[in-house]
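Scroll down for the structure; my scribbles are underneath it.
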Amino acid sequence: MPPLTTPRVWGTRFTQSHGVTCADVTISGPGRRNGSRMPSTPRRKLRDARRLFTGEEKPTAEAGAGRRDLGLDRCTPSQQRLRALLALHLFNAHLRGPNVGPSHVYSAHTFLAYSMTVSPRYDRLLFIIPPAVENALGRLMAPRTLIRHGMPGLRMVAAHDYHTYHIVHLPTGARMTLANRVNFLTETEIQRQGFRRGRRTLQDYAGPDTPLDPAEQAALDAIPPMTTGVRVLLAALVSRLNARDPQKRWAVGQWWQDPLRRPEPAGYRHDELMYLWGSGADWELRWLKHPRPTDVVACLTEPRIGVPGATATKGRRGWTIRLGQSTLSLRYGAVR
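As structure tokens, this is what we get:
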């Protein structure tokens, strides 16, 4: 693939055959009893291709991979809405003043400071956070006594204290899990053991029987409408928080660091200011630090990992990602 700076337009076209057009994947099937090799299954090829871009371990990558694609964007409508709403909380940070765009949106940007692997599945958003998963949880979810200070609508369903947290988003019904290891206990396994492993968490956090607080409802009502195309693009940003190119040409780095340790690009400022807002089919994302704009363009439009149908064009003010009639404008270094 030519470097990002060469073309002006980028598009995504997923391979619809059983193979994966990823030169970086070399897989041999399991050996037969006579010592010969069986060809790898299509699902296994997709699993291994997905791992190259996401850094997932085999079990989580296999659970999320689809039959014909990597599965990063293949999800239920409720999951898509949850991820798009989560993007608003992750990508709005430290805005100053009462009239600075979405200054009323709760900022969970510091959640991205924790080392994690994002593993999107069809009906669940999974974060594997080995260090201090309980601290990372506190960046998204507020205790029941301060419920209006977290992402609106999150409720604790089941927990294994300091290890696993299963959460439901009341407005959409979508599920999210934070765990410190891949072989975490499922909701059913925790509930079968009688909640004793999550007694502390269930005391601290509101459960699904707690309705939306008026402040939570007001915060949700204040979010402008967005088209399906915008929801897909915002959800894709969340699914690709730590995406990287297997050939080390780009890396998203959770919007917190540059894993490739490259020189800072023009417009870089050591400041966590971020802005994500819009209405309908037109939204805008501004930031100052990591990642580079071309890294974001690549993770959304590069043929092997990008959003199907998404294209990118570069203009005088920056890049614009298009999906159908919907646009996400990328403005690097433009936050005040």
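Numbering follows the UniProt record's numbering, with no gaps: position 55 of the sequence shown is 55. C-beta: ideal position from N, C-alpha, C; glycine also.
Neighbourhood of residue i by C-beta distance below 6 Å, restricted to the same chain and skipping five residues each side
i    : result
G278 : E284
A142 : H149 and G150
H160 : L185, I190, R197 and G198
V230 : W283 and S326
L126 : S119 and T177
P265 : R292
Beta carbon of residue i nearer than 8 Å to that of residue j
i    : j    : result
M226 : A93  : no
H166 : R175 : yes
R81  : T172 : yes
A136 : A235 : no
R139 : A108 : yes
A243 : F53  : yes
S119 : P130 : no
Y268 : L237 : no
I128 : E216 : no
P246 : G253 : no
D123 : T76  : yes
R240 : C299 : yes
CA-to-CA distance, residue j to residue i, given in whole angstroms
i           : j    : result
P30         : L46  : In this prediction, P30 scores a pLDDT of 35, lower than 50, which makes its location untrustworthy; the coordinate-derived value is nonetheless stated afterwards. Those two C-alpha atoms are separated by around 16 Å.
E134        : G198 : 12 Å
I321        : T201 : 40 Å
I305        : D69  : 9 Å
residue 414 : V105 : This structure leaves residue 414 out entirely; the chain is present only between 1 and 336.
V296        : A218 : 31 Å
L323        : R50  : 22 Å
Q203        : Q193 : 17 Å
A179        : L86  : 18 Å
R316        : E302 : 22 Å
G71         : T313 : 25 Å
W250        : G55  : 14 Å
P263        : V168 : 40 Å
L276        : K248 : 27 Å
A310        : Q325 : 11 Å
P208        : A158 : 10 Å
G66         : N183 : 21 Å
P42         : R121 : 18 Å
P214        : G280 : 25 Å
S78         : D221 : 17 Å
I223        : F91  : 14 Å
T117        : E272 : 21 Å
H270        : R181 : 32 Å
T228        : G64  : 22 Å
Own chain partners of residue i with C-beta closer than 7 Å, once the 5 adjacent residues on each side are dropped
i    : result
Y205 : M141, P143, R144 and M156
Q257 : H290
V232 : D73, Q80, V307 and L323
A113 : W256
P3   : Confidence at P3 is low in this model, with a pLDDT of 44, below 50, so its placement is unreliable and the value that follows should be read with caution. Once the five neighbours on either side are set aside, P3 has no close Cβ partner at all.
H18  : Confidence in H18 is poor, its pLDDT being 31 and thus under 50, which makes the residue's placement too unreliable to answer from.
Own chain residues within Cβ distance below 8 Å of residue i, not counting five before or after
i    : result
P211 : L170
G318 : P293, S329, L330, R331, Y332 and A334
V25  : Note on V25: pLDDT 39, under 50, position unreliable in the model; no value is reported.
Any C-beta of chain B under 8 Å from that of residue i
i    : result
G324 : Absent from the structure: chain B. Only one protein chain is present.
Worksheet item: Can you find at least 3 beta carbon pairs, one from the segment 152-168 and one from the segment 46-61, that sit closer than 8 Å?
Response: No: the two stretches stay apart, fewer than three of their Cβ pairs being nearer than 8 Å.
Item to complete: Could you say if the segment 281-288 and the segment 321-333 meet the contact criterion of at least three C-beta pairs nearer than 8 Å?
Response: yes
Item to complete: Scan the segment 123-179 and note each continuous beta strand (DSSP E) run of 3 residues or more that stays entirely inside, going in chain order.
Response: 124-128, 154-160, 164-169 and 174-179
Worksheet item: Quick one: complete alpha helix (DSSP H) runs, 4+ long, within the segment 44-121?
Response: 58-64 and 77-90
Worksheet item: Hey, which unbroken runs of the beta strand (DSSP E) at 3 residues or more fall wholly within the segment 260-335?
Response: For the segment 260-335, the continuous beta strand (DSSP E) assignments of 3+ residues that do not extend past its boundaries occur at 274-279, 282-287, 311-314, 319-323 and 326-332, in sequence order.
Item to complete: Pick out the complete alpha helix (DSSP H) segments inside the segment 203-257, 4 residues or longer, and give them in chain order.
Response: 214-221 and 228-239
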